[in-house]
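Asker: Here the sequence shown stands for residues -10 to 185, where the numbers follow this note's numbering.
One structure, as structure tokens, below. Some questions next.
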Amino acid sequence: MQWNWGLAAALGLCLMAHPVMAQGGTAVQGQQSSGAVLDGPNPNGGLAPNDPNVGSVTHLPLPRYVTLKGNEGNARRGPGLTHRIDWVFTREGMPLKITAEYEHWRRVEDADGAGGWVHYSLLSGVRSVLIAEDMAQAFSQPDKKSDLVYQSELGVIGKLLQCVPEWCRISVEGEKGWVQKSALWGVDPTETYPAP
-10 MQWNWGLAAA
0 LGLCLMAHPV
10 MAQGGTAVQG
20 QQSSGAVLDG
30 PNPNGGLAPN
40 DPNVGSVTHL
50 PLPRYVTLKG
60 NEGNARRGPG
70 LTHRIDWVFT
80 REGMPLKITA
90 EYEHWRRVED
100 ADGAGGWVHY
110 SLLSGVRSVL
120 IAEDMAQAFS
130 QPDKKSDLVY
140 QSELGVIGKL
150 LQCVPEWCRI
160 SVEGEKGWVQ
170 KSALWGVDPT
180 ETYPAP
């Protein structure tokens, strides 16, 4: 019997790749459906996932919100320059949700769920929000009975200043006001900002 060393090498490479079953029953290379990236073997011999609520690189909470630093950012199919660009973000300051980390790459998604892997240098920790309902009202206090300061159209980006249980204070083109969290994307419903 004569060996085909090229075929044997290819088969060996295939065996080194360990797909993990995602929640829906599909194989996802190197990650779980929760978005946690697998670190390596555990003492029991299997692959040990990170805590899905903590980034494996930064040790910051997952998911968390950031913003696009410049006016363009490529979202790739995987964490690396060799992966295909699936999406291009084109709005500076746009809020994005980080759902996973791998080395210098962050998996992000926008309010519509579009996204991919973005190099961390394209992201900023400065927080912003997206107005998620048309003509969202901003009040002088976190109370609908307070004075109406302004209204914002659907899709407007505002700088996040402060959040309490049901309201966030934001700035849109220099105007500041309190908007109900339900009218915003880029902040969690139970989030207090800045964190105490």
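Idealized CB from N, CA, C, for every residue including glycine.
Return helix, strand or coil for Gly29, following the three-state DSSP convention.
Answerer: Within the sequence shown, residue 29 is the residue found at index 40, counting from 1. Any reading at Gly29 is ruled out, since the residue's pLDDT is 33, under 50, leaving its predicted position unreliable.
Asker: Give the range of the beta strand (DSSP E) segment to which Tyr109 is assigned.
Answerer: Here residue 109 refers to the residue found at position 120 when the sequence shown is read from its first residue. Element bounds for Tyr109: n/a, residue is neither H nor E.
Asker: On the three-state DSSP scale, how would you describe Lys134?
Answerer: Here the question's residue 134 lines up with position 145 in the sequence shown. Reduced to three states, the DSSP call for Lys134 is coil.
Asker: Taking the alpha-carbon positions, what's the Pro68 to Ala89 distance?
Answerer: Within the sequence shown, residue 68 is the residue found at index 79, counting from 1. Within the sequence shown, residue 89 is the residue found at index 100, counting from 1. Spanning the two alpha carbons is a distance of roughly 10 Å.
Asker: Along the beta strand (DSSP E) that carries Val115, what are the first and last residues, could you check?
Answerer: Position 126 of the sequence shown, counted from the first residue, corresponds to residue 115. Here Val115 belongs to no beta strand (DSSP E), and DSSP marks it neither H nor E.
Asker: Could you check where the beta strand (DSSP E) with Ala125 kicks off and where it finishes?
Answerer: Taking the sequence shown and counting its residues from 1, one reaches residue 125 at position 136. Start and end: Ala125 to Phe128.
Asker: Are the Cβ atoms of Lys58 and Ser113 separated by less than 8 Å?
Answerer: Sequence index remark: in the sequence shown, residue 58 carries index 69 (1-based). Sequence index remark: in the sequence shown, residue 113 carries index 124 (1-based). Result yes, Cβ atoms of Lys58 and Ser113 sit closer than 8 Å.
Asker: Comparing C-alpha positions only, which one of Ile87, Gln140, Lys133 and Ala121 sits nearest to Asn42?
Answerer: The residue labelled residue 42 in the question sits at position 53 within the sequence shown. Asn42 has its Cα closest to that of Ile87, out of Ile87, Gln140, Lys133 and Ala121.
Asker: Under 8 Å by Cβ, that's how I've got Trp156 and Val168 pegged, so tell me the actual separation to the nearest angstrom.
Answerer: In the sequence shown, the residue the question calls residue 156 occupies position 167. In the sequence shown, the residue the question calls residue 168 occupies position 179. Between Val168 and Trp156 the Cβ distance is about 7 Å, and since that is below 8 Å, they are a contact.
Asker: Could you check the C-alpha separation between Ile74 and Gly62 for me, to the nearest Å?
Answerer: For this step, residue 74 is matched to residue 85 along the sequence shown. For this step, residue 62 is matched to residue 73 along the sequence shown. Roughly 10 Å between the two C-alpha positions.
Asker: Do Glu180 and the ligand ATP come close, with the Cβ less than 7 Å from some heavy atom?
Answerer: Because no ligand of any kind appears in the structure shown, any question about the ligand ATP cannot be addressed here.
Asker: Could you check what DSSP says for Ala172 in three-state terms: helix, strand or coil?
Answerer: Sequence index remark: in the sequence shown, residue 172 carries index 183 (1-based). DSSP places Ala172 in helix when its eight states are reduced to three.
Asker: With distances taken Cα to Cα, identify the nearest neighbour of Val107 among Glu122, Trp76 and Ala125.
Answerer: Position 118 of the sequence shown holds residue 107. It is Trp76 whose Cα lies nearest to the Cα of Val107.
Asker: Measure the alpha-carbon distance for Ser64 versus Gly163 and round it to whole angstroms.
Answerer: The count along the sequence shown starts at 1 and reaches residue 64 at position 75. The count along the sequence shown starts at 1 and reaches residue 163 at position 174. One point to set straight first is that residue 64 is Ala, not Ser, in the sequence displayed. Rounded to the nearest angstrom, the two C-alpha atoms are 30 Å apart.
Asker: If the criterion is Cβ atoms closer than 8 Å, does the pair Gly82 and Ser135 meet it?
Answerer: One-based indexing of the sequence shown puts residue 82 at position 93. One-based indexing of the sequence shown puts residue 135 at position 146. Not a contact, by the Cβ cut-off of 8 Å.
Asker: Among Gln130, Glu92, Arg53 and Gly44, whose alpha-carbon lies nearest the alpha-carbon of Arg158?
Answerer: For the purposes of this step, residue 158 is taken as the residue at position 169 of the sequence shown. Here the closest residue by C-alpha is Gln130.
Asker: State the start and end residues of the unbroken beta strand (DSSP E) segment that holds Ala89.
Answerer: Numbered from its first residue, the sequence shown carries residue 89 at position 100. Run containing Ala89: Pro84 to Tyr91, per the beta strand (DSSP E) assignment.
Asker: Alpha carbon to alpha carbon, how far is Ala127 from Pro84? Give it in angstroms, no decimals.
Answerer: Within the sequence shown, numbered from 1, the residue matching residue 84 stands at position 95. Within the sequence shown, numbered from 1, the residue matching residue 127 stands at position 138. Their backbone Cα atoms lie some 19 Å apart in a straight line.
Asker: What would DSSP say about Gly67, mapped onto helix, strand or coil?
Answerer: Within the sequence shown, numbered from 1, the residue matching residue 67 stands at position 78. Gly67 falls in the coil class under three-state DSSP.
Asker: Rounded to whole angstroms, what's the CA-CA distance from Asp123 to Ala172? Just pull it up for me.
Answerer: Position 134 of the sequence shown, counted from the start, is the residue given in the question as residue 123. Position 183 of the sequence shown, counted from the start, is the residue given in the question as residue 172. Taking the straight line from one Cα to the other gives about 8 Å.
Asker: Excluding the five sequence neighbours on either side, which residues of its own chain have a C-beta within less than 7 Å of the C-beta of Glu92, listed in chain order?
Answerer: Within the sequence shown, the letter at position 103 stands for residue 92. Contacts found: Val46 and Pro68.
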